[in-house]
Amino acid sequence: MPRGLRFSLKWGTLGLGPVAIGIHYLAPDRALLLFAASAVAIVPLAGLMGQATEVLAHRMGSGIGGILNATFGNAAELIIAIVALRAGQVEMVKASITGSIIGNILFVLGLAMLVGGLGHQRQTFNAQAAGTAASMMLLAVAALILPTFFHLMVREETVRGIQRLSAGIAVVLLAMYLLSLAFSLKTHKHLYAEAEMAGEHDAPPRGLAWALATLAAATLLIAILSEYLVASAEHAGKALHLSETFIGVMVIAVVGNAAEHFTAVLVARKDKMNLAITIAVESSRQIALFVAPVLVLLGLAVGQPMTLEFSLLEVGAVGVAVLIVNSIAQDGESNWLEGAMLLATYLILAIAFYFLP
1230 MPRGLRFSLK WGTLGLGPVA IGIHYLAPDR ALLLFAASAV AIVPLAGLMG QATEVLAHRM
1290 GSGIGGILNA TFGNAAELII AIVALRAGQV EMVKASITGS IIGNILFVLG LAMLVGGLGH
1350 QRQTFNAQAA GTAASMMLLA VAALILPTFF HLMVREETVR GIQRLSAGIA VVLLAMYLLS
1410 LAFSLKTHKH LYAEAEMAGE HDAPPRGLAW ALATLAAATL LIAILSEYLV ASAEHAGKAL
1470 HLSETFIGVM VIAVVGNAAE HFTAVLVARK DKMNLAITIA VESSRQIALF VAPVLVLLGL
1530 AVGQPMTLEF SLLEVGAVGV AVLIVNSIAQ DGESNWLEGA MLLATYLILA IAFYFLP
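Each residue of the sequence shown is one higher than the one before, counting from 1230 in this note's numbering.
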């Protein structure tokens, strides 16, 4: 995409932020319009937040900077989820977690492999690094399966039991997330060096003041727009005849990370598949091992308990996605057909979620 067109799209979509605020105050009954304007406006704000985080990470050095970049890589999604959780939209939050995981490792990675493969017959990546990240996603699958089957097997007085089980699993997942940071940033940093070098020259030449101001402003605006997005989601879903789960999986999940999705496809087109896979798979790992457990513990704190008990379709969707990605990551090579296969899987799951009551 030409740089001028990309610039115009960025500022054009940013302009929808004030439009959404205006709709909220002047035409609050236009729920569908408010939902659409808020969703589109969040996309460039999430991109700006990501750029600001990268600048802060660069300024603070590889150690603290790496932790900062990894932890706040999905900040926009976390903000949207927290707003929805406080509003009592627990099922939507769960659906957005599912959507973020399968969206990153099926849609984003699939599109990156397809676009990159059409321009390059054979693309390579670090199979060990990709395989390690993909294997850790199996832990996320286990974390979703156990509470779900616990509910199916033990039907009496399961609510409190599932809450306690989910809280315990959340603590374990957070501990594993910290260990994975130590693995990628300290003990096995060499496995990720190629991806880091591939993205270094793309880092924005900004200052610390710009990063802090942008991060603060973007966080505030995303929080405001998330309030509008969540409040109008139910009415928008009814107008479009879409279920709450479908909106969470296929819409809310995409909004917070769309800018990063575009980056993964762009670098794959430039034959930087190692970086593209790192962006997609690591983002899913952060959602599963950091965002989800944080929301479980935060829900207990704010009086909106959220468990890790998901529907069988959600558990199956994540399981299928993780198994396919683990299979693809083994040989360290990708092509356009593998990308098409990932996209086909995502489309099949989207159809299934559409018909889910």
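Where a beta carbon is used, it is the ideal one built from N, C-alpha and C, also for glycine.
The structure displayed is predicted, hence computed values, not measured ones.
Tell me whether residue i sits in a helix, a strand or coil according to DSSP, three-state version.
i               : result
glutamate 1543  : helix
glutamine 1515  : helix
arginine 1498   : helix
methionine 1342 : helix
arginine 1259   : coil
glycine 1317    : coil
glycine 1279    : helix
proline 1534    : coil
histidine 1490  : helix
glycine 1485    : coil
asparagine 1333 : helix
leucine 1234    : For leucine 1234, the predicted structure reports a pLDDT of 40, less than 50, and the residue's modelled location is therefore unreliable. The matter cannot be settled from this model.
serine 1556     : helix
proline 1586    : coil
glycine 1436    : coil
histidine 1417  : coil
leucine 1441    : helix
serine 1461     : helix
histidine 1287  : helix
leucine 1527    : helix
asparagine 1503 : helix
leucine 1347    : helix
serine 1325     : helix
serine 1267     : helix
For residue i, does the count of other Cβ atoms within 10 angstroms reach 16, so buried, or fall short, so exposed?
i                  : result
serine 1364        : exposed
valine 1400        : exposed
phenylalanine 1539 : buried
leucine 1367       : exposed
serine 1556        : exposed
threonine 1536     : buried
valine 1654        : The requested residue 1654 is not part of the displayed model; the chain covers only 1230 to 1586.
glutamine 1515     : buried
leucine 1172       : Residue 1172 lies beyond the stretch modelled for the chain, which goes from 1230 to 1586, so this question has no answer here.
phenylalanine 1378 : exposed
glycine 1251       : exposed
isoleucine 1309    : buried
methionine 1502    : buried
tyrosine 1254      : exposed
glutamine 1350     : exposed
histidine 1470     : exposed
phenylalanine 1236 : Any reading at phenylalanine 1236 is ruled out, since the residue's pLDDT is 45, under 50, leaving its predicted position unreliable.
phenylalanine 1519 : buried
leucine 1347       : exposed
proline 1376       : buried
methionine 1382    : exposed
Kindly identify the DSSP beta-bridge partner or partners of residue i.
i              : result
glutamate 1599 : In the structure as shown, the chain starts at 1230 and stops at 1586, and residue 1599 therefore has no counterpart that could be examined.
serine 1563    : Gln1352
Comparing alpha-carbon positions, which option in the options lies nearest residue i?
i                  : options                               : result
leucine 1527       : Ala1260, Leu1261 and Val1319          : Val1319
leucine 1572       : Leu1410, Val1284, Gly1332 and Ala1313 : Gly1332
lysine 1323        : Ile1451, Ile1476 and Lys1501          : Ile1476
leucine 1414       : Ala1358, Val1484 and Val1520          : Ala1358
proline 1273       : Gln1515, Gly1568, Pro1257 and Ala1305 : Ala1305
valine 1531        : Gly1276, Ile1250, Gly1317 and Ala1249 : Gly1317
leucine 1403       : Gln1559, Ile1553, Val1523 and Leu1495 : Val1523
alanine 1521       : Ala1268, Ala1281 and Ser1395          : Ser1395
leucine 1437       : Val1510, Thr1574 and Thr1282          : Thr1282
leucine 1441       : Val1248, Ile1252, His1287 and Leu1261 : His1287
serine 1267        : Gly1246, Pro1257 and Leu1255          : Gly1246
glutamate 1567     : Val1554, Leu1576, Ile1250 and Ser1472 : Val1554
alanine 1460       : Leu1307, Ala1313 and Ser1513          : Ala1313
isoleucine 1481    : Val1269, Thr1353 and Leu1444          : Val1269
leucine 1335       : Gly1397, Leu1373, Leu1261 and Ala1493 : Ala1493
tryptophan 1565    : Arg1315, Leu1261 and Leu1340          : Leu1340
valine 1549        : Phe1412, Ile1374 and Pro1586          : Ile1374
leucine 1449       : Ala1275, Phe1264 and Ala1260          : Ala1275
phenylalanine 1491 : Met1382, Gly1466, Gly1345 and Ala1546 : Gly1345
leucine 1285       : Ile1453, Thr1443 and Leu1504          : Thr1443
glutamate 1489     : Leu1585, Leu1408, Leu1338 and Val1547 : Leu1338
alanine 1362       : Ala1468, Ala1509 and Pro1586          : Ala1509
alanine 1487       : Leu1410, Asn1303 and His1417          : Asn1303
glutamine 1280     : Ala1581, Ala1445 and Leu1262          : Ala1445
alanine 1371       : Ala1569, Pro1586, Phe1584 and Val1551 : Val1551
threonine 1353     : Leu1585, Ser1455, Glu1562 and Leu1578 : Glu1562
Next item on the list: Could you name each continuous alpha helix (DSSP H) segment of 4 residues or more that falls completely within the region 1368-1414, going from the start of the chain to the end?
Entry: 1387-1411
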